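The opening position of the sequence shown corresponds to residue 8 in our numbering, with each subsequent residue numbered one higher. All C-beta atoms in this analysis are idealised placements derived from N, C-alpha and C, irrespective of residue type, glycine included. Given the structure is predicted, the values throughout are model-derived calculations rather than measurements. What follows is a set of notes on a single structure, which appears directly below.
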Amino acid sequence: MKSDRYLSAPSLDTRELLFIGFDPCFDVNIREFPYRDHTYHYDIVNTAEDALNWLEARVCDLSTYHLPYAVFCRHQWLEENRLELAAYLRAHTDLRYVPLLVFAGEGEDIDAAVLLQHGVDDCYTMPVLWNRLEARLDFLNQYKPTLLELAGKLEREDFRYRIPFMKRVFDIAGALTGILLSSFIWLPVAIAIAMESKGPVFYQSKRVGADYRVFEFLKFRSMYQDADRYLAELQHLNVYGMAGDSAVFVKFAHDPRITRVGRFIRKYSIDELPQLINVLRGEMSLVGNRPLPVYEAEMLTRDEWSTRFLAPAGITGLWQVSKRDQPDMSAEERIDLDIEYARNYSIWTDLIIILRTFRAVVQHGEC
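In structure tokens, the structure reads:
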């Protein structure tokens with residue numbers, strides 16, 4: 008980084024950033040940082056004592072009270088300090104509202120789930136562009152206080168969504184039947200995936216289901232490894248809009264990240280079979296609203312949109328059978344269908360959707 012001092016004297020209107028554990032090669036890791044933008048002021052520290060002193064100085068005196076805009080921490084440093092900084096921020100009355108972002112080097116082993124459980128807001132593999140971080144920080148500073156208050160309220164009320172008993176029985180019976188009937192397919196598909204491209208047979212990612220709960224989502228891998236890293240470069244292909252960060256959902260026409268085997272298993276929805284395991288775990292239902300990647304769910308926190316998260320996550324759902332694979336469906340139409348399902352779902356509607364799903368898969372396969 009250019010300096011370990013502020014860009015200029017901070018004021019109440021400036022956004023203070025604290026970088027912890029970063030070496031002098033900062034420019035290589037976080038690119039296009041706005042050094043000449045007086046909106047931001049930063050400092051770099053490398054010890055836990057210096058970090059705590061810096062943070063306490065911002066909130067210990069009402070006359071100089073000023074919450075930092077964000078704390079950026081190297082993953083290696085955080086692990087070496089046994090995640091104590093994350094625990095400190097999470098427990099602090101005021102500093103718990105400050106976004107904490109963790110950065111890891113390429114190839115560095117990082118357990119994002121553990122970090123999220125300890126209060127880390129997001130993890131990035133370096134190098135990363137500043138404008139990507141800036142959009143994330145805008146969101147976190149706007150919504151993190153609200154989400155923390157909501158989480159506290161739900162915890163106090165001991166509220167937790169549970170799949171209705173009969174729907175759960177239906178899910179378990181259907182998932183076991185589905186695994187049994189499809190068992191002869193799993194091994195050949197796994198071999199074909201492994202032979203065509205490097206990487207694990209199963210694709211796992213964090214998805215958001217009912218009540219904004221995050222779980223490990225399973226599919227047969229249909230893309231080249233690390234395909235998610237190219238999302239920003241492909242935004243112009245998004246069928247839900249070309250507005251970049253403003254697009255709620257992400258889907259690409261003629262997605263270049265998909266392998267040949269991937270195109271085949273997607274055509275017949277074979278890639279979805281491992282989600283039957285998610286159903287048995289109770290993380291998903293056979294029918295529900297599609298579990299969303301975290302970056303999509305973050306954009307659906309408005310009251311009228313959050314209703315979709317009052318229904319279980321599902322392998323298939325109302326919007327899939329209504330306009331399966333038709334790129335002319337707008338994001339708003341898809342959200343409306345999710346909300347309609349959340350308000351009206353029952354065993355009978357689930358049976359109808361499953362029958363329509365089978366018909367849609369057969370018709371799509373014949374095309």
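{"Check": "Name the one or two DSSP bridge partners that E23 has.", "Outcome": "H48"}
{"Check": "Assuming the contact rule is C-beta atoms closer than 8 angstroms, D357 and V294 should be a hit. Round their C-beta distance to whole Å, please.", "Outcome": "4 angstroms"}
{"Check": "State the CB to CB distance for the pair K85 and L96, rounded to an integer number of angstroms; the pair is presumed to be in contact (CB under 8 angstroms).", "Outcome": "Note that residue 85 is Leu in the sequence shown here, rather than Lys. Not a contact, Cβ separation roughly 11 angstroms."}
{"Check": "Who are V215's beta bridge partners in DSSP?", "Outcome": "V221, L299"}
{"Check": "Quick test of the definition: if touching needs 3 or more C-beta pairs under 8 angstroms, does the stretch 57–73 touch the stretch 113–120?", "Outcome": "no"}
{"Check": "Can you pull the DSSP bridge partners for S292?", "Outcome": "G321"}
{"Check": "Quick test of your reading: K213 and V301, contact by CB under 8 angstroms. State the CB separation rounded to the nearest angstrom.", "Outcome": "6 angstroms"}
{"Check": "Within 10 angstroms of its Cβ, does Q149 collect 16 or more other Cβ (buried), or is it exposed?", "Outcome": "exposed"}
{"Check": "Give me the Cβ distance between E39 and N138, rounded to the nearest whole Å; I'm assuming they're in contact under 8 angstroms.", "Outcome": "7 angstroms"}
{"Check": "Determine, using beta carbons only, whether I277 and V196 come nearer to each other than 9 angstroms.", "Outcome": "yes"}
{"Check": "Can you name the residues that DSSP bridges to V77?", "Outcome": "Per the sequence presented here, residue 77 reads as Ala, with Val not at that position. Partner(s): L24."}
{"Check": "Could you check if L188 is buried or exposed, using at least 16 other CB atoms within 10 Å of its CB as the buried criterion?", "Outcome": "exposed"}
{"Check": "On the criterion of 16 or more Cβ atoms from any shown chain inside 10 Å, does E23 qualify as buried, or is it exposed?", "Outcome": "buried"}
{"Check": "Please confirm whether F110 and I37 have their CB atoms less than 9 angstroms apart.", "Outcome": "yes"}
{"Check": "What does a CB cutoff of less than 7 angstroms around R163 pick up in its chain, not counting 5 residues either side in sequence?", "Outcome": "Any reading at R163 is ruled out, since the residue's pLDDT is 45, under 50, leaving its predicted position unreliable."}
{"Check": "DSSP on F209, reduced to helix/strand/coil?", "Outcome": "strand"}
{"Check": "Whole alpha helix (DSSP H) runs in the stretch 92–165 with 4 or more residues, listed along the chain?", "Outcome": "119–124, 137–164"}
{"Check": "Along the chain, where does the alpha helix (DSSP H) that runs through Y348 open and close?", "Outcome": "338–351"}
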